[in-house]
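Here's the structure we're looking at; comments come further down.
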Amino acid sequence: MVVNKIKKTIVIRVDASTPMGIGHVMRCLTLAAKLNTDEHRIIFLCKQHHGHLNDYIESSGFEVIALSSPVNSFKSQHNEQLWLGCHYQDDAKECLQYIQNSKLKKIDLLIVDHYSLDYRWQDLLRPLCEKIMVIDDLANREHHCDILLDQTFGRHQQDYHQLIPKHCTLLLGKEYMLLRDEFYQARAVAERDRLNSRPHKPNHILISLGGTDPDNIASSILYWLISIKADFDQLNVFLVANANSSFLSELNTIAQKHPWIKIVTKPPSMATLMLNADIAIGSSGATAWERCCLGLPSLSIISADNQQLVSKNLMDAGACVSLGYFEKLQKQTFIEAFTLLFNNKKYYQKMVQQSFNCCDGLGAEKVAKKIAQKIAVVELRNATINDKEMTFEWQSIENIRQYFEQPTIPTKNEHWHWFESNLADPTSSLYIIHYNNVPVGTLRLDEQSPNEYTISILVIPSEQGKGIALSALNKAAKLKENGLFFASIHKDNINSIKVFQKAGFVAISESRYCLKIK
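Position one of the sequence shown corresponds to residue 4 (my numbering), numbered consecutively onward.
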């Protein structure tokens, strides 16, 4: 039985610009790459700010709806309320217009990653959206959303206690840091090299100060390193700079005079640069997680207000040395911190280990899985005689019956006889579980006495772990206005026990569970 999948539509509202940087777009692209399956259609909505990344998003394989240029200009990155460049109502109206013109019947998930937008904008878009997800790290404004992701290290639920609806799913902290696959893939090599065979003197320095470095922190760092080069003879410096930076010419001039300094504008792999580095000097933004994933000791600089908590928590965890705000950064402070990290091997190695502990690189995969479960549609359809061949194939899957009361795989004739008898039995109801319009299992209700039912469920192995069984159980409970549901579960079938308990079933014996419906 072949059923064509209907794609879920995911729309991402995010911006990039020279003052605000590119971090928001880059983390959304990381998440989009994980969600980019044949089950999802992904569309970006992005304003045409100076320094936008619309072409880059398209080159990454995603649709982009280019919103208008901002009517209000802003030059500072330190007032995120101005980053939209227009009134939120005008932005919402334009987004609605483009969405309707694209003939989308509905948006299954709207992802919003923008410091200038809050519940008021979300309420205006809500009529076209099944679910809304917010990516934030400020915890300073109210959101009307179904999922909220804040990957800030050390973030707590109480930080959003009064800012989100009660039903909202919170994804917080280091478990959900959005990193590209290249970092997790390089992690094993980083662990091997940094924990075992790194040289005593960390001579290879990587400088990365965010996507745009609008305050030109990089040039100050280079001059300070030049001033102490005689004391650190073997230093090699790689500086990652934006190709559109207004300071690129100045940086290149510096590098031309000092061959040990290299300027890189379009690195093929940041993970490779970090693997080759011994010490990083960078902002406390998104690249902080990348450095942690690869165990790279760092001198961290706060280049925006929203980085303060990240910097503090990572320093408290021993994963970086925080140099504080860039505006107050002093040459002597920098040199003292650099010298300590360079010369103290024990201090260096402890920071390596603590960095590894702060980020495992699997956050994007975890977030994508949570999203897929949240927007998935699970439906129950009455079984028909046409389903007997498909259900026999499911019953014949190796190990799927290991916890059944009758674990032996039936013959085709035995299954067909049971199936046809079941359809004819007025006390039994057999349903096919559909996940996003694809049949993935069965659910059966057998009435033992008036208003008392035995429930059993099967989900094929390839679709397990997606929350399908739980959704199916919740739907089954709504099929009857009142009554008792009983389930027999083998004591070793831990996963099934957890699912039934999440659905409200309580144990009445070692292998018997009950749910009362009123």
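Beta carbons: idealized from backbone N, C-alpha and C, even for Gly.
With a threshold of 16 other CB atoms inside 10 Å of the CB of residue i, please say whether the residue is buried or exposed.
| i | result |
| --- | --- |
| HIS52 | buried |
| ILE471 | buried |
| ASP58 | exposed |
| ALA475 | buried |
| GLN310 | buried |
| ILE13 | buried |
| LYS134 | buried |
| TYR516 | buried |
| PRO205 | buried |
| LYS481 | exposed |
| GLY88 | buried |
| ASP495 | exposed |
| HIS146 | buried |
| LYS37 | buried |
| SER236 | Checking the sequence shown, residue 236 turns out to be Asp, not Ser. ASP236 should be labelled exposed. |
| ALA233 | exposed |
| THR21 | buried |
| VAL502 | buried |
| ILE511 | exposed |
| LEU276 | buried |
| ALA291 | buried |
| VAL6 | Reliability fails at VAL6, whose pLDDT of 43 lies under 50, so the model's placement of it is uncertain and the value that follows must be treated cautiously. With fewer than 16 Cβ atoms within 10 Å of its Cβ, VAL6 is classed as exposed. |
| MET4 | The predicted model places MET4 with a pLDDT of 38, which falls under 50 and marks its position as unreliable; any figure quoted below should be read in that light. The residue in question, MET4, is exposed, as its Cβ has fewer than 16 Cβ neighbours within 10 Å. |
| VAL324 | buried |
Tell me the residue span of the alpha helix (DSSP H) that contains residue i.
| i | result |
| --- | --- |
| MET1 | For residue 1 there is no data in the structure shown, the boundaries of the chain being 4 and 521. |
| ALA3 | In the structure displayed, the chain extends from 4 to 521; residue 3 sits before or after that span and is not available. |
| GLN357 | 348-361 |
| ASN415 | At residue 415 the sequence reads Lys, which differs from the Asn that was named. It spans 415-427 - the alpha helix (DSSP H) in which LYS415 sits, taken as one unbroken run. |
| GLN123 | First, the amino acid is wrong: residue 123 is Arg here, not Gln. Per DSSP, ARG123 belongs to the alpha helix (DSSP H) from 122-128. |
| THR290 | 290-296 |
| CYS171 | Where CYS171 is concerned, there is no enclosing alpha helix (DSSP H), given that its DSSP letter is neither H nor E. |
| LEU276 | 273-279 |
| ILE229 | 220-230 |
| THR445 | Segment 441-452 is the beta strand (DSSP E) holding THR445; no alpha helix (DSSP H) there. |
| ALA526 | Any property of residue 526 remains undetermined from this structure, which presents the chain solely from 4 to 521. |
| CYS98 | 91-104 |
| GLY470 | Run containing GLY470: none; DSSP gives neither H nor E here. |
Assuming residue i and residue j make a contact with CB atoms under 8 Å, what is their CB distance in whole Å?
| i | j | result |
| --- | --- | --- |
| ALA283 | LEU209 | 5 Å |
| SER514 | SER491 | 6 Å |
| TYR91 | LEU120 | 6 Å |
| SER286 | SER306 | 4 Å |
| THR155 | LEU312 | 6 Å |
| ILE304 | PHE329 | 5 Å |
| ASN439 | ALA379 | 6 Å |
| PHE3 | GLY364 | It is not possible to answer for residue 3, since the shown part of the chain is limited to 4 through 521. |
| LEU152 | ILE167 | No, LEU152 and ILE167 are not in contact; Cβ-Cβ is about 12 Å, not under 8 Å. |
| ASP449 | SER424 | Going by Cβ atoms, the distance from ASP449 to SER424 rounds to 12 Å, so no, they are not a contact pair. |
| LEU141 | TYR118 | 6 Å |
| ASN316 | GLY507 | So it is not a contact: roughly 37 Å between Cβ atoms. |
| PHE488 | ILE520 | 7 Å |
| ILE458 | ILE400 | Contact doesn't hold; Cβ gap of about 21 Å is too wide. |
Could you spell out the range, first to last residue, of the beta strand (DSSP E) harbouring residue i?
| i | result |
| --- | --- |
| ILE400 | ILE400 -> no beta strand (DSSP E), and no H or E assigned at all. |
| ALA283 | 282-286 |
| ARG44 | 43-50 |
| GLU382 | 381-385 |
| LYS134 | 132-138 |
| GLU194 | Per DSSP, GLU194 belongs to no beta strand (DSSP E); it is in the alpha helix (DSSP H), 184-195. |
| PHE241 | 239-243 |
Using 8 Å as the threshold, is the C-beta distance between residue i and residue j below it?
| i | j | result |
| --- | --- | --- |
| ALA19 | PHE65 | no |
| ALA532 | MET29 | Residue 532 falls outside the range modelled here, since the chain spans only 4 to 521, and no answer is possible. |
| LEU174 | VAL370 | yes |
| GLY486 | LEU461 | no |
| HIS207 | ASN143 | no |
| CYS49 | HIS43 | no |
| ASP111 | LYS11 | yes |
| LEU113 | ALA367 | no |
| LEU108 | CYS362 | Checking the displayed sequence, the identity of residue 108 turns out to be Lys instead of Leu. Going by C-beta atoms, LYS108 is not nearer than 8 Å to CYS362. |
| ASP116 | ILE138 | yes |
| ARG16 | CYS148 | no |
| PHE359 | GLU194 | yes |
| GLY321 | GLN357 | yes |
| ASP216 | SER252 | no |
| ALA86 | MET23 | Note on identity: in this sequence residue 86 is Trp, with Ala being the wrong assignment. It is a contact, given that the beta carbons lie within the stated cut-off. |
| LEU558 | LEU332 | The first residue shown for the chain is 4 and the last is 521, placing residue 558 beyond what the model contains. |
| ASN39 | ILE45 | yes |
| TRP227 | LYS334 | yes |
| ALA221 | LEU198 | no |
| GLN398 | HIS418 | yes |
| ILE231 | ILE338 | yes |
| VAL243 | SER211 | yes |
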